[in-house]
Amino acid sequence: LTEEVRNRGRAAWQKVLAERPADPAACHALALDRWQAGDPAAARDLLARSLATGSDDPAALALFALALQADGRAGDAAVSLTQAAMRDPRNPGRWAVAAEAWAAAGRRDRAIAACQDGRAADPDNPVLLRVEARLWLAAGDPHRAVQLLRRLPPKRLAADPPAARTYTHALA
Numbered sequence: 076l077t078e079e080v081r082n083r084g085r086a087a088w089q090k091v092l093a094e095r096p097a098d099p100a101a102c103h104a105l106a107l108d109r110w111q112a113g114d115p116a117a118a119r120d121l122l123a124r125s126l127a128t129g130s131d132d133p134a135a136l137a138l139f140a141l142a143l144q145a146d147g148r149a150g151d152a153a154v155s156l157t158q159a160a161m162r163d164p165r166n167p168g169r170w171a172v173a174a175e176a177w178a179a180a181g182r183r184d185r186a187i188a189a190c191q192d193g194r195a196a197d198p199d200n201p202v203l204l205r206v207e208a209r210l211w212l213a214a215g216d217p218h219r220a221v222q223l224l225r226r227l228p229p230k231r232l233a234a235d236p237p238a239a240r241t242y243t244h245a246l247a
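Those letters in the sequence shown? Residues 76 to 247, per our numbering, in order.
Here it is in structure tokens:
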């Protein structure tokens, strides 16, 4: 039954793409289907089509980065995601995904810069603060990590397990 439902869903999304070749929802759904089927190149191509229209779904951006990384193109993923963030600089989700891609590409400096660029529009964005703090901790600067995380309201910090874990490690 699951395979039958999956096939029907795929056919429906393909019909949408036939009518609207860059429909973000259809591209995202089919990209996820292709990713799960073990075809990261097809997932990447579908997501690139959608992202070119200005789609700002952080989940689609993250899957796009994973697809590029699966092709051994972590640097390309980071560049593409940074360009997407620059098209919508007030979108913290785009900057966070770009930062994670730079970190995966081994460029902590660029990852930190992406967080800071995103925080230019939203200085106290909790996701960007958490990601940047983790990067500073990994860079050997726990003081800076603590400074960033102290900008979060205490209840917010306590309710965010990754941020709380980074804060605890930074204080150790």
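For each residue, glycine too, the CB sits at the ideal point set by N, CA and C.
Which of helix, strand or coil does DSSP assign to residue i?
{"i": "alanine 174", "result": "helix"}
{"i": "threonine 128", "result": "coil"}
{"i": "arginine 185", "result": "helix"}
{"i": "proline 164", "result": "coil"}
{"i": "glycine 113", "result": "coil"}
{"i": "glutamate 225", "result": "With the sequence shown as reference, residue 225 is identified as arginine, and glutamate is not the correct amino acid for it. Correct three-state label for arginine 225: coil."}
{"i": "glycine 147", "result": "coil"}
{"i": "proline 99", "result": "helix"}
{"i": "aspartate 197", "result": "coil"}
{"i": "alanine 152", "result": "helix"}
{"i": "aspartate 192", "result": "helix"}
{"i": "alanine 142", "result": "helix"}
{"i": "aspartate 120", "result": "helix"}
{"i": "alanine 249", "result": "No statement about residue 249 is possible, as the shown extent of the chain runs from 76 to 247 and does not include it."}
{"i": "alanine 179", "result": "helix"}
In the DSSP assignment, the alpha helix (DSSP H) including residue i goes from what residue to what residue?
{"i": "proline 237", "result": "236–246"}
{"i": "arginine 95", "result": "From DSSP, arginine 95 is part of no alpha helix (DSSP H); its letter is neither H nor E."}
{"i": "alanine 208", "result": "201–213"}
If I'm right that residue i touches residue j with Cβ under 8 Å, what's the distance once you round it to whole angstroms?
{"i": "aspartate 163", "j": "proline 201", "result": "At roughly 19 Å, the Cβ-Cβ gap does not stay under 8 Å, so aspartate 163 and proline 201 are not in contact."}
{"i": "alanine 186", "j": "alanine 174", "result": "4 Å"}
{"i": "histidine 244", "j": "leucine 212", "result": "6 Å"}
{"i": "alanine 152", "j": "alanine 176", "result": "5 Å"}
{"i": "alanine 97", "j": "threonine 128", "result": "5 Å"}
{"i": "alanine 104", "j": "leucine 122", "result": "Actually they do not touch by this definition, with Cβ atoms about 11 Å apart."}
Roughly how many angstroms separate the alpha carbons of residue i and residue j, rounded to a whole number?
{"i": "leucine 172", "j": "leucine 156", "result": "Note that residue 172 is valine in the sequence shown here, rather than leucine. Answer to the nearest angstrom: the Cα atoms are 7 Å apart."}
{"i": "tryptophan 170", "j": "alanine 116", "result": "23 Å"}
{"i": "alanine 140", "j": "alanine 189", "result": "15 Å"}
{"i": "glycine 181", "j": "alanine 135", "result": "22 Å"}
{"i": "serine 130", "j": "alanine 145", "result": "22 Å"}
{"i": "leucine 232", "j": "valine 91", "result": "42 Å"}
{"i": "arginine 81", "j": "glutamine 111", "result": "11 Å"}
{"i": "aspartate 108", "j": "alanine 208", "result": "34 Å"}
{"i": "aspartate 132", "j": "glycine 168", "result": "8 Å"}
{"i": "glutamate 94", "j": "leucine 143", "result": "27 Å"}
Between residue i and the ligand FAD, is the CB less than 7 Å from at least one heavy atom?
{"i": "alanine 174", "result": "With respect to the ligand FAD, the structure shown offers nothing to examine, as it has no ligands at all."}
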